[in-house]
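Notes follow the structure.
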Amino acid sequence: MKKRISLAPYNEKYDQNLAHFSLSDEQVQFTAMPVEVIEEALHNPNKYPVMILNDETPVGFFILHKNSEYVEERDASRKILVRALSITLEHQGNGYALAAMRELPTLVKQLDPKVNEIILAVNEGNIAAQKLYLKAGFLDMGERKMGINGLQLILQYRMV
């Protein structure tokens, strides 16, 4: 049976799934658990929590963040940041993250047609995530910023 990945706005009906979300010890150093960031995101008008669904089953999560610390004010209306992307441990290795990143431009255009660039910060030590994002069409233009857990590569996806 073919898996169908879709992106959906967070809804409290997913709370049970998010409460049982799990990551490996290695992954926890690079991303936040959904339950750690969802509450703040729901109270921040610049953050849009998003569920990654396989048919109707939640398999992952991320936040789209406008006006983030990674975007200069002059670019704020044209860029959006992906943060806290993760696929729960039991569903990893199935291509869900790549499929979600390929669906992302469509979601972003629906959310805000003025946005023409998606960016994300990935830790220099998170090689698996770097490979995923590059495979999904993100580009490394050499921009780097120091983050809480080390040097971050700022990857860009330009939409047309």
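Count along the sequence shown from 1, add 279, and you get the number used in our numbering.
Just so it is clear, CB atoms sit at the ideal spot from N, CA and C, and this is done for glycine as well.
Backbone CA spacing between residue i and residue j [nearest angstrom]
i: residue 299; j: residue 436; result: 31 Å
i: residue 361; j: residue 317; result: 14 Å
i: residue 380; j: residue 297; result: 20 Å
i: residue 374; j: residue 423; result: 27 Å
i: residue 387; j: residue 288; result: 12 Å
i: residue 325; j: residue 406; result: 28 Å
i: residue 309; j: residue 428; result: 8 Å
i: residue 426; j: residue 416; result: 23 Å
Neighbourhood of residue i by C-beta distance below 6 Å, restricted to the same chain and skipping five residues each side
i: residue 334; result: 283
i: residue 347; result: 360
i: residue 337; result: 293, 296 and 330
i: residue 311; result: 363
Neighbourhood of residue i by C-beta distance below 7 Å, restricted to the same chain and skipping five residues each side
i: residue 395; result: 357, 437 and 438
i: residue 349; result: 360, 398, 400, 424 and 433
i: residue 409; result: 401 and 432
Rounded distance between the beta-carbons of residue j and residue i, thought under 8 Å
i: residue 382; j: residue 286; result: 5 Å
i: residue 376; j: residue 368; result: The Cβ separation is near 13 Å, so there is no contact.
Proximity of residue i and residue j at Cβ, strictly below 8 Å
i: residue 321; j: residue 390; result: no
i: residue 404; j: residue 366; result: no
i: residue 413; j: residue 419; result: yes
Own chain residues within Cβ distance below 8 Å of residue i, not counting five before or after
i: residue 392; result: none
Q: Within the segment 325-395, note down every full alpha helix (DSSP H) run reaching 4 residues or more, in order along the chain.
A: 375-390
Q.
For a minimum of 3 consecutive residues, which ranges assigned as the beta strand (DSSP E) are wholly contained in the segment 280-321?
A. 284-288
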